[in-house]
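K.L.:
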Amino acid sequence: AFLFSVTVCVVGLLTSHRVHGDHLGEYRTVDVIRDYGYEAEEYNVVTEDGYILALTHIKSNSTKMPVLMMHGVLAASEQWVLKGPGQDLAFLLADEGHDVWLGDQRGNHYSRGHVKYNTSQPEYWDFSFHEAGMYDLPAFINTILNYSGSEQIHYVGHSMGTSVYYVMCSLRPEYNHLVRTAVHLAPVVYGLRKSLTSSLQLMLQNAEDLADVLKKQNIHEFLPRTSRNQRMID
């Protein structure tokens, strides 16, 4: 049932659209889930290197194995719930009785805390998907296992959510046996330069110069969630 639910949802994930319109910025993932009539809680998870991350739990009384779902690049945990029950994978799994957990990687608009730095400081942004795999996923898994009492989890990753999983399994192999099943949607291992637009190729060719300019302007976040950017996305 777990793998079937994942398969059914792939097409829906690729064609998903936003709900809640202009009010989306006022909502957190836990609020969207509650609006659809499900019980949900949000936890703060602190990583080994001090980042404070959001982990959303769709509550269930079932004893089925927990499922951790990780979003793609420039996205957040809300991507798993915006279309609603009967369509989104998180709800389908919850309806099947799975204990569903939605993680938010460091730096997105739900996981912006740190025990020492704030987002206006360049030190906060000194990370890549490498650190997300080294620290974020293990912290999520530890929290889920401690809360549920389960010995293993299922894992679902989309796009960069697959990349960080590969990092974790490669560099922290002690976590491999804690994942019973890993399902990867649109997996990313390396960049496909031929598929990039000319503008993105130009950015890559001048990445170092562009980084220097942004640092001088004290700009460290790529495509922050602002009202203007949100209108462009919508």
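With mature numbering (1 follows the signal peptide of the UniProt record, and there is no 0) applied, the sequence shown covers -21 to -1, 1 to 213.
We put the CB at the ideal spot given by N, CA and C, even for glycine.
1) Can you give the Cα-Cα distance for V79 and A69, rounded to whole angstroms?
2) Check whether the Cβ atoms of V46 and I132 lie closer than 8 angstroms to each other.
3) Given this structure, state the Cα-to-Cα distance separating G(-1) from S56, to the nearest angstrom.
4) Do the stretch 91 to 104 and the stretch 121 to 138 touch if we need at least three Cβ pairs shorter than 8 angstroms?
5) Given a threshold of 16 other Cβ atoms within 10 Å of its Cβ, counted over all protein chains shown, does R85 qualify as buried or as exposed?
6) Round the Cβ separation of L32 and D83 to the nearest angstrom and send it over; I've been treating them as touching at under 8 angstroms.
7) Should Q184 go down as buried or exposed, given a rule of 16 or more other Cβ atoms within 10 Å for buried?
8) With distances taken from CA atoms, which of N125, D191, V162 is nearest Y22?
9) Check E153 in the structure and name its three-state DSSP category.
10) Excluding five sequence neighbours on each side, which residues of the same chain lie with their C-beta closer than 6 angstroms to the C-beta of E110?
11) Closest to V167 by CA distance: which of P152, M139, H156 is it?
12) Beta strand (DSSP E) containing T160: first to last residue?
13) For the alpha helix (DSSP H) containing N125, name the first residue and the last one.
P.N.:
On the basis of the supplied data:
1) Going from the Cα of V79 to the Cα of A69 covers about 7 angstroms.
2) Cβ distance < 8 angstroms, so V46 and I132 count as in contact.
3) Its pLDDT being 34, under 50, G(-1) is placed unreliably by the model, and nothing is read from it.
4) Judged by Cβ distances under 8 angstroms, the stretch 91 to 104 makes no contact with the stretch 121 to 138, as fewer than three pairs qualify.
5) Counting of Cβ neighbours within 10 angstroms places R85 among the buried residues, the total reaching 16 or more.
6) That pair is a contact at about 6 angstroms.
7) The residue in question, Q184, is exposed, as its Cβ has fewer than 16 Cβ neighbours within 10 Å.
8) Ranking N125, D191, V162 by CA distance to the CA of Y22 puts N125 first.
9) E153 sits in a helix when the DSSP states are folded into three classes.
10) Excluding residues up to 5 positions away in sequence, nothing lies with its Cβ nearer than 6 angstroms to the Cβ of E110 in the same chain.
11) For V167, the nearest C-alpha among the options comes from M139.
12) Counting along the chain, the beta strand (DSSP E) containing T160 begins and ends at 158 to 164.
13) Taken as a continuous stretch (DSSP letters only), the alpha helix (DSSP H) holding N125 covers 116 to 127.
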